[in-house]
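**Q**
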Amino acid sequence: MKKLLIFLVFSFIFADWTIQNSSVSVTLYSLSFPTDTMLGYACGENGTIIKTTNSGQNWSRLSVSLSENLYSIFFVNETIGYACGRNGKVIKTTNGGENWQNLVTEITENLYQLHFISPDTGFIAGDNGMVLRTYDGGQTFDYLSVSPINPFDLRGISVVANGRIVYAVGLSGSIFKTTDYGNNWVQLNSQTRANLFKVIFLNPNIGYVCSESGYVLKTTDGNNFTRLNVASPQPLYGIHFISSQVGYVCGGNGLVYKTTNGGENWEREYTGVGENLYYIFFKTEDIGWACGRNGLIIKRYLPSAITENKNEKTILKIKNNNLFLSTGQIIRNNNKLNKGIYFIKNNKKFKKIIKLN
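Residue 353 in numbering that gives the first Met the number 0 is what sits at position 354 of the sequence shown, and the numbering runs on without skipping anything.
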């Protein structure tokens, strides 16, 4: 029987992903936390929209008179939000989701992502190269075709520079850019034919795109893209950067990766789930959410430093590569862990583990 020395560590931190009860079982495609880490929304299949007011501890389903899938949700403040989905559907709320109104788009293309920069101004990307633009909160829409000769189905959109510069990405490696509020578009060379799902720009020049092939594209001049190797064996469906250096991607089989150096290196975050994750969003570097199949919502929380007596030590036993407490409770299987130092969390206590062999 092997033994591990468990030293209680003085002032350290530990990141943790936990599953939240979304109250629904349908696939969730998008998240929005408009003001802080407490108020949030998610949308998904069959017109589903759910809301939390306590950072995801509880989610409740909102009443929406819609049966179409909703692929994107975006709140600009506590009360005003939009969602879009199949068959050209766009809906809006002005009272925090209590009531929703259908906006008239007069199109039938599926709409996959919307990005609003104010309560009135926003862009929406969809099939057949369709981009919708509104300046009056959805009372009217302008129909912008980014590629009329060879229209690509678009999946993601990102708006910067107060709406003057917009990037849209989609299938077959398509990336489009406008520098005049969407009136004219140019296609950029992505150097890939992979389907591109989401795009995020931090400013007019620095942006990231995630792909079906498991890698990320990056630009630092708004025109030329380089490939970043995430080494993901699964498609990457969602991406979010909170700065030019710190970002996350999510994808198939519950995979999440993090970078702290602008995408040069990526580390896998162990989420403990196996469902596909379609969207990831971080409010701060420490607090974020991802959502996906079967109503799955997971939250990442990095707690404040915890102070313990560094001189105290405990002996825990390992049998058949399982780590047990003295009460007989299994903490985890460590069969695939190499020798080294690891951190574990048991209830609210954090411990440093040294695996000797």
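From the three backbone atoms N, C-alpha and C, an ideal C-beta is built for every residue, glycine too.
On a predicted model such as this, the values are computed, not experimentally measured, just so you know.
Would you mind working out which of G84, G213, Y81, F175 sits nearest G237, comparing C-alpha positions?
**A** Measuring from the Cα of G237, the nearest candidate turns out to be G213.
**Q** Spell out a yes or no on whether the stretch 14 to 23 and the stretch 218 to 226 are touching, meaning 3 or more CB-CB pairs, one atom from each, closer than 8 Å.
**A** no
**Q** E67 lies in the beta strand (DSSP E); which residues open and close that run?
**A** Unbroken run through E67: none, as it is neither H nor E.
**Q** Residues in the same chain with beta-carbon distance under 6 Å from T26, minus the five sequence neighbours each way, listed in chain order, please.
**A** G43, E44, R292
**Q** Figure out for me which residue from S22, S31, Y111 has the closest Cα to the Cα of K282.
**A** S31
**Q** Taking 6 Å as the limit between beta carbons, can you name the residues of its chain near K257, skipping five residues before and five after?
**A** Y247, E266, E268
**Q** Suppose the cutoff is 6 Å on Cβ atoms and the five residues either side in sequence are ignored; what does the same chain contact list for Q47 look like?
**A** For clarity, residue 47 is Thr in the given sequence; the question names Gln instead. Counting only residues of its own chain and dropping the five nearest sequence neighbours on each side, T47 has a CB closer than 6 Å to the CB of V23, V25.
**Q** Would the beta-carbon of G125 fall within 9 Å of that of S146?
**A** no
**Q** Quick one: what does DSSP say N293 is sitting in, helix, strand or coil?
**A** helix
**Q** Please determine, among D220, E108, T93, the residue with the shortest C-alpha to C-alpha distance to D152.
**A** E108
**Q** Jot down the residue ranges of each uninterrupted beta strand (DSSP E) in the stretch 184 to 257, minimum 3 residues, whole runs only, in chain order.
**A** The stretch 184 to 257 contains, as complete beta strand (DSSP E) runs of 3+ residues, the segments 185 to 187, 195 to 200, 206 to 210, 215 to 218, 225 to 227, 235 to 240, 246 to 250 (chain order).
**Q** Measure the alpha-carbon distance for E263 versus V63 and round it to whole angstroms.
**A** Pairing E263 with V63, the inter-Cα distance amounts to about 42 Å.
**Q** Nearest-angstrom Cα distance between V215 and N94?
**A** 37 Å
**Q** Please classify E274: does DSSP put it in a helix, a strand, or coil?
**A** coil
**Q** Kindly list the residues whose CB is nearer than 7 Å to the CB of F115, restricted to its own chain and excluding five residues on each side of it in sequence; keep chain order.
**A** F73, V75, Y81, G121
**Q** Can you tell which of W99, G169, I148, S59 has the C-alpha that lies nearest to the C-alpha of I123?
**A** G169
**Q** Got a sec? Which residues, its chain only, sit under 6 Å from N252 by beta carbon, not counting five neighbours each side?
**A** Q233, G273
**Q** Exposed or buried, Q112, counting other C-beta atoms within 10 Å across all chains shown (16 or more means buried)?
**A** Classification of Q112: buried, given that the 10 Å Cβ count is 16 or more.
**Q** Cβ atoms of L65 and G84: under 9 Å apart, would you say?
**A** yes
**Q** Considering only their Cβ atoms, is the gap separating V130 from I156 smaller than 9 Å?
**A** yes
**Q** In the DSSP assignment, find the beta strand (DSSP E) that holds L113 and state where it starts and stops.
**A** Unbroken beta strand (DSSP E) run through L113: 110 to 115.
**Q** Do you know offhand how far S210's Cα is from T191's?
**A** 9 Å
**Q** Can you tell which of S71, A41, Y70, N68 has its C-alpha closest to the C-alpha of L61?
**A** Restricting attention to S71, A41, Y70, N68, the CA atom closest to the CA of L61 is found in A41.
**Q** Per the DSSP calculation, D419 is bridged to which residue(s)?
**A** Residue 419 lies beyond the stretch modelled for the chain, which goes from 0 to 356, so this question has no answer here.
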